[in-house]
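Residue numbers (this note's numbering): 114 to 177.
So, in C-alpha cells, the structure goes:
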C-alpha cells in the first residue's frame with residue numbers, strides 16, 4: 114500500500130514539474146522532472162518485482 118501512495122505522490126509531483134517547466138523552463142526544473150521520472154521507473158520496477166515474487170521458483174500465481 115505504501116508503494117501505491119508513493120507512486121501517486123510521484124505522479125502529482127511529475128505533473129507539477131511538467132507545469133513548472135512549461136511555464137518557465139529552467140535547468141533546475143528539467144533536472145527535477147528527470148529525477149521524478151527515474152523515481153517512478155524505480156517504483157514501477159519494484160512493483161513488478163513484488164508482483165512477480167515466486168514466479169521464477171515455479172510457484173503458481175493465484176487468479177482472483
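Even glycine gets a Cβ: it sits at the ideal position worked out from N, Cα and C.
By the DSSP assignment, the alpha helix (DSSP H) with residue i in it spans what residues?
i, result
"residue 137", "That residue, residue 137, is in no alpha helix (DSSP H); it is neither H nor E in DSSP."
Is any beta-carbon of chain C found at less than 7 Å from that of residue i?
i, result
"residue 152", "Of the chains in the structure shown, none is chain C; there is only one protein chain."
Keeping to the same chain, check which residues put their C-beta closer than 6 Å to that of residue i; ignore five residues upstream and five downstream.
i, result
"residue 130", "145, 146, 149"
"residue 115", "none"
"residue 127", "149"
Would you say residue i and residue j are within 7 Å of each other, going by their C-beta atoms?
i, j, result
"residue 142", "residue 133", "yes"
Skipping 5 residues on each side, what residues in its chain have a beta carbon closer than 7 Å to that of residue i?
i, result
"residue 119", "156"
"residue 159", "116"
Regarding residue i and the ligand GDP, is the C-beta to nearest heavy atom distance less than 6 Å?
i, result
"residue 141", "The model depicted lacks the ligand GDP and carries no ligand whatsoever."
If I measure Cβ to Cβ from residue i and keep anything under 8 Å in the same chain, skipping five residues before and after, which residues do I get?
i, result
"residue 153", "120, 123, 124, 127"
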